[in-house]
Amino acid sequence: MGDPEEFLVKTQNLGVKQYRPVHSENLSKWMPENKFELFMTSASLKFPVTTQLFEDYRQSRELPNTHEFLAVYHIASGEHIGHFELKNISLNHEHGTLAHVLLGDKKFRGTGYGKELCQLMADYGFNIKKLHRLSASVQLCNIAAITVYVKGGFVMEGIIRDVLKFDGKRYSLYQMSLLRSDWRSTTREKLDP
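Numbering (the numbering used here), first residue to last: 1166 to 1358.
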């Protein structure tokens, strides 16, 4: 499963493969263990996230060139370690939204792979899907995710105020985006000595 030839895109350490139902088992294990933490990860999934619940969610939403589910692998070990979705894809307007971005296997967190995952998602969106713009919405208190996106070149566009509700309390999201031209210049800077 770790054969680099199978990857749609890859970075030095990570590769992306098409999502298969077998990936849902790992995903359900990686999901937060309490309702609030799940809400911080996903406002659209119900607690607790089981393999079947995630498979039902995936089957109800997955549509080529509209909403795609992707599996992230650690190349050296061949392990499935993460997940992301590219949704609200408009090939006409060349944009899409990242969702349920998860570096699930905890042993790979805090290793710099978050930034590499950002590069991987951008590579998929810009080079495979030929998009011009990627967007992401992140809870204001999710500092780790915000930091990773900013390091990955995403720009803060504003706040979507009081858009979510959990246990009677309202939550806002940062709206962030990355344009292909910004990503190309950032990528070039990394390649130039």
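Backbone N, C-alpha and C fix where the C-beta goes; we use that ideal spot for every residue, glycine too. It should be emphasised that the depicted structure is a prediction, and the values quoted were computed from it without experimental measurement.
Relative to Asn1230, the option among Glu1250, Lys1194, Gln1284 whose CA is nearest is Glu1250.
Under the three-state reduction of DSSP, Asp1221 is assigned to helix. Residue burial annotation: Ala1241 is exposed, with fewer than 16 other C-beta atoms found within 10 angstroms of its C-beta.
With fewer than 16 other beta carbons inside 10 angstroms of its own, Leu1305 counts as exposed. Taken atom to atom, the span from the alpha-carbon of Gly1317 to that of Trp1348 is near 8 Å.
Val1181 places its beta carbon 7 Å or farther from that of Leu1192.
Judged by their CB atoms, Leu1296 and His1260 are nearer to each other than the 7 Å cut-off.
Across the set Thr1206, Asp1332, Ala1309, Lys1175, the C-alpha of Lys1175 shows the shortest separation from the C-alpha of Gly1243. A residue is called buried when at least 16 other Cβ atoms come within 10 angstroms of its Cβ; Met1321 does not meet this threshold and is exposed.
Here the region 1267-1274 makes contact with the region 1184-1199; the two share three or more CB pairs at distances below 8 Å. Annotated as distal: Ile1311 and Phe1273, with beta-carbon spacing of 7 Å or more. Within 10 angstroms of the beta-carbon of Ala1309 lie fewer than 16 other beta-carbons, which makes it exposed. One Cα belongs to Asn1178, the other to Tyr1336, and the distance between them is close to 35 Å. DSSP places Ala1310 in the helix class (H, G or I) of the three-state scheme. If you check the CB distance, Lys1280 and Val1313 come in under 7 Å. Measuring C-alpha to C-alpha distances from Pro1186 to each of Asp1327, Leu1218, His1239 identifies Leu1218 as the nearest.
Judged by DSSP secondary structure, Glu1202 falls within the alpha helix (DSSP H) whose first and last residues are 1200-1206. Taking Asn1253 as the centre and dropping the five residues before and after it, the same chain places the C-beta of Gly1261, Thr1262 closer than 7 Å to its C-beta, in chain order.
Taking C-beta atoms under 8 Å as the contact rule, Arg1326 and Phe1291 fail to qualify, at a distance of about 30 Å. Annotated three-state conformation of Gly1318 is coil, per DSSP. Exclusion of the five residues before and after Tyr1289 leaves Val1174, Val1181 as the residues of its chain whose Cβ lies within less than 6 Å of its Cβ.
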